[in-house]
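For the record, the sequence lines run as chains L and W. Taking this note's numbering, I'd label the letters of the first sequence as residues 1 to 446. Taking this note's numbering, I'd label the letters of the second sequence as residues 447 to 726. The beta-carbon is built from N, C-alpha and C at its ideal position, and this holds for glycine as well. Quick caveat: nothing in here was measured; it's all calculated off a predicted structure. Input: a single structure, listed below in structure tokens.
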Amino acid sequence: MRCFIGIDLGSTTTKAVVVDENRNILGRGITNSRSNYDTAAAVARTEALLNGRFYLFRQALAGTGALNGSLDGFIEQLERDFRAEQYMEQLEDLHETCVRNLVTAHFGADTPAVGEALEEVFRRLKAEAPSLFAPGARRKSDFFRDIAGSQYLAIGEQVAKEANTRYDYLLNLFDRSIIEVENRVYADSVRRHLLNALERTFIALPESSARRAQVEAPIKGVLDTEMEDTYTVGTGYGRARLPFSKEHIRSEILCHGLGAHVMYPGTATVLDIGGQDTKAIQVDPKGIVESFQMNDRCAAGCGRYLGYIADEMNMGLHELGPMAMKSTKAVKINSTCTVFAGAELRDRLSLGDKREDIMAGLHRAIILRAMSILARSGGIRNQFTFTGGVAKNEAAVKALKELVHENYGDLDLNIDPDSIYTGALGAATFAWRAVLEDGKTAERRE
Amino acid sequence: MTHTIGIDIGSGAVKSTLFRVDEGGGIHWLAKRCERIRRRDPMTLAHEGRDAVLADAGLAANDIDYIATTGEGENVRFATGHFYSMTTHARGGVYLQPGIAAVVDVGALNGRAIYVDERGKVLAYKMTSQCASGSGQFLENIARYLGVAVEEIGSLSRSSQDPEKVSSICAVLAETDVINMVSRGISTPDILKGIHVSMASRIVKLLKVTGIKSGTALLTGGLALDTGLLAAVQEEMVAEKVPVEVASHPDSIYAGAIGAALWGAYRHDKLQELQRQAAA
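Right under this line is the structure:
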């Protein structure tokens with residue numbers, strides 16, 4: 001089947017969206033951006049196509065009626081099992097990479113002891129792995145670097161203490177190795193992992209294995225269908241370095257404007273708070289950009305600000321919003337710099353301010369920054385669409401609603417649950433238009 | 447004989463020292479401990495640091511006359527008193543290298559230049575502004591991303607042939623910039639040296655503002671042992687024609703904790719004296 005792909009290479013995450021000929025969204029994929037932009041783009045693309053396969057599995061299985069009533073549970077279990085397979089492969093890779101790097105690290109006489117501690121860390125990591133993917137398990141992130149990293153840090157500290165080796169050495173091995181591991185693409189393993197995961201799912205859900213043949217056939221059928229990359233458009237912070245020819249690149253402002261318009265056709269003003277950019281965009285009724293403003297090169301007021309605070313608090317990024325929502329009285333945050341806000345947070349905590357009140361203050365601080373960028377771009381007009389990773393954060397949304405109401409009165413505020421993919425959706429829409437409206441064919445990379 | 451502990455809670459590491467000051471003024475450094483925080487609880491580390499220096503010196507908690515904190519240690523519950531870091535770094539710097547004219551403390555968050563007299567009294571000082579670009583944290587973020595251990599930074603930086611110029615970059619967004627540099631094929635030494643050069647220019651600017659005319663400036667704080675930074679600062683001093691020598695000391699990281707312990711001993715003795723006078 002013909003597919004149209006948009007890739008948004010952002011500063012912190014790279015997103016991909018796949019649409020079909022009817023502009024239905026088949027799949028979405030996300031990964032963290034890394035030093036090799038080719039890899040980041042390839043991983044996001046692989047993930048989006050994979051997500052597309054799951055979409056197609058669901059359709060195919062629904063068509064046969066083999067899993068009537070238990071289809072959702074089956075797909076969810078299959079996805080968890082698939083993620084577990086994928087995680088184990090990467091963990092094994094990380095283990096081998098750490099062992100290789102131990103040889104070239106300069107730990108001197110401590111090397112054998114660090115090696116033993118390392119083995120113990122990985123023994124525990126592997127033992128713990130399945131529980132990370134159990135039903136209802138909560139993970140701080142979906143990226144290997146983050147999941148494995150937070151487990152490694154916690155286990156490493158314990159092991160270093162028990163074995164009386166330096167925690168620093170274990171951390172250094174992780175830092176050395178993780179870049180190598182996350183720069184590998186495991187696209188070739190997708191089919192194998194899916195088939196292994198399917199076997200696990202049959203064991204986990206015995207009732208489904210009773211209908212094995214009826215379940216397996218449509219899944220294999222989907223796996224055998226080629227998802228043809230007809231045309232790809234790239235955008236985002238790293239777009240200039242994407243492995244595409246110029247013809248396949250669009251600016252992120254254009255893509256975010258169009259993406260927001262596709263999600264909500266009435267959109268007039270877009271606020272996009274991403275990892276390291278905050279953008280305010282005014283679009284016309286066709287989704288074409290009229291004007292825009294962006295933040296300067298500073299993390300205050302961007303998603304990274306919250307990411308940094310989450311690290312400081314040793315919490316998952318998605319836990320911040322719910323905590324801030326419990327606040328009764330927001331604390332005013334004075335620091336303009338993210339790093340200093342982190343220090344202010346620690347001060348406030350040790351002075352006895354409540355965590356939720358500090359969190360509410362931090363969220364308000366971000367939105368205040370966004371409000372000034374919006375004002376510079378020409379103000380907020382109806383309908384107002386909030387996109388980017390931060391749009392998922394309920395405390396940020398609450399602060400935004402309050403401030404918009406105070407300054408602009410009643411407006412429609414649109415927030416799509418998949419708003420982080422807005423730029424990639426805009427890019428995929430450009431890809432679809434290029435072929436179906438302008439009759440273009442993909443150009444080779446120069 | 448006065449035993450004091452000085453604990454310096456920075457944003458990167460917790461440093462603890464234990465000193466004995468004799469009646470005649472003789473100063474003996476009995477124990478030290480430095481633990482990097484990296485997402486651990488500084489208060490717990492302060493506790494552990496205190497216990498570790500006590501154990502190393504073979505002393506018990508009630509042998510100690512004064513526990514002084516500095517840096518972000520204001521709320522350490524077992525402390526007797528707290529000292530402002532400007533004064534502790536000045537005192538610690540003069541203890542480590544008598545005769546210096548200035549202390550330049552480069553920590554994880556802030557940089558500051560302190561112009562001192564021969565006894566460690568602060569004559570003038572200047573701190574960096576409210577942005578962490580070009581701070582120790584910034585350098586550490588980058589080193590971590592490059593997979594370089596803190597100890598390796600200096601020698602890598604000194605091997606640079608063509609430093610990559612960095613303008614003012616946000617410490618938090620630094621990682622993205624490194625990703626970009628790496629993907630542009632810039633080598634690790636050139637990235638690190640570029641950061642050192644930018645830090646050095648900030649440090650020299652701070653030092654100039656204090657009004658220092660000559661003598662030696664001692665680097666203290668978490669980055670004092672970074673030989674790449676030291677070299678870059680020396681080069682920048684020459685380039686800017688500031689006639690000040692720059693030096694470092696193997697125990698530079700302890701400057702704040704040393705100063706705290708010594709000021710603690712001083713304050714303790716003063717209090718004793720006042721009490722004696724009141725009793726008499």
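Within chain L, the residues Ser35, Asn36, Tyr37, Arg241 have their CB atoms less than 7 Å from the CB of Ser629 (chain W), given in chain order. Beta-carbon to beta-carbon, Leu592 (chain W) and His695 (chain W) are separated by about 27 Å, too far to satisfy the 8 Å threshold. Contact check for Val404 (chain L) against Phe384 (chain L) passes: the beta carbons are separated by less than 8 Å.
Secondary structure note for Ser462 (chain W): its beta strand (DSSP E) is the uninterrupted segment 459-467. Contact check for Val679 (chain W) against Val692 (chain W) passes: the beta carbons are separated by less than 8 Å.
Neighbours of Ser633 (chain W) across chain L, judged by C-beta separation under 7 Å, do not exist; the nearest C-beta is about 13 Å away. For Gly342 (chain L), the enclosing alpha helix (DSSP H) has its first and last residue at 338-351.
Counting along the chain, Gly553 (chain W) sits inside no alpha helix (DSSP H), nor does DSSP assign it H or E at all. Relative to Pro544 (chain W), the option among W:Gly702, W:Ala663, W:Ala711 whose CA is nearest is W:Ala663. Rounded to the nearest whole angstrom, the C-alpha separation of Gly657 (chain W) and Tyr561 (chain W) is 8 Å. Note on the region 265-301 of chain L: whole beta strand (DSSP E) runs with a minimum of 3 residues are 269-273, 278-283, 289-294, in chain order. With 16 or more neighbouring CB atoms inside 10 Å of its own CB, Ser462 (chain W) falls in the buried class. For Asp454 (chain W), the secondary structure class from DSSP, reduced to helix, strand or coil, is strand.
Around Gln276 (chain L), the beta-carbon contacts reaching into chain W at under 9 Å are Cys616, Val618, Leu619, Thr622. Under the 8 Å criterion on CB atoms, Leu153 (chain L) is classed as interfacial with respect to chain W. The way I'd put it, the region 593-603 of chain W doesn't touch the region 269-281 of chain L; fewer than three beta-carbon pairs between them come closer than 8 Å.
Counting along the chain, Tyr571 (chain W) sits inside the beta strand (DSSP E) bounded by residues 568-573. About 6 Å separates the Cβ atoms of Ala197 (chain L) and Leu78 (chain L), confirming a contact at the 8 Å cut-off.
Cα atoms of Lys567 (chain W) and Gly539 (chain W): separation of roughly 11 Å, rounded to the nearest angstrom. Between Gly452 (chain W) and Ile704 (chain W), the gap from beta carbon to beta carbon is short of 8 Å.
Around the beta carbon of Leu118 (chain L), 16 or more other beta carbons lie within 10 angstroms, which makes this residue buried.
If you draw a 10 Å sphere on the C-beta of Glu518 (chain W), you find 16 or more other C-beta atoms in it, and that means buried. By the Cβ test, the region 430-446 of chain L is not in contact with the region 469-486 of chain W, since fewer than three Cβ pairs between them sit closer than 8 Å. The contact set of Arg482 (chain W) on chain L, defined by CB atoms closer than 8 Å, consists of Asp168 in chain order.
Of all residues in the region 447-478 of chain W, only Ser457 come within less than 7 Å of chain L when Cβ atoms are compared, listed by chain position.
For Ala670 (chain W), the secondary structure class from DSSP, reduced to helix, strand or coil, is coil.
Taking 9 Å as the cut-off between beta carbons, the residues of the region 580-591 of chain W near chain L are Ser581, Gln583, Phe584, Ala589, Arg590, Tyr591, in sequence order. By the CB criterion at 8 Å, Ala706 (chain W) and Thr526 (chain W) fall outside the cutoff. For Gly593 (chain W), the neighbours in chain L by C-beta distance under 7 Å run, in chain order, Asp175, Arg176, Ile179.
Along the length of the region 141-198 of chain L, whole alpha helix (DSSP H) runs at least 4 residues long occupy 144-163, 167-182, reported in chain order.
Residue nearest to Phe386 (chain L) within the set L:Ile203, L:Ile281, L:Ala310 is L:Ile281 (criterion: CA-CA distance). The beta carbon of Val99 (chain L) sits closer than 8 Å to the beta carbons of Gly115, Leu118 from its chain, once the five residues preceding and following it are set aside; these are given in chain order. Considering only W:Leu585, W:Tyr512, W:Ile649, the residue with the shortest C-alpha distance to Phe524 (chain W) is W:Tyr512.
For the region 313-339 of chain L, the beta-carbon criterion of a distance under 8 Å to any beta-carbon of chain W is satisfied by Asn314, Ser335, Thr336, Cys337, Thr338, Val339. Taken residue by residue, none of the region 88-112 of chain L has a beta-carbon sitting less than 7 Å from a beta-carbon on chain W. Residues of chain L with a Cβ closer than 8 Å to the Cβ of Ala492 (chain W) do not exist; the shortest Cβ-Cβ separation is about 12 Å.
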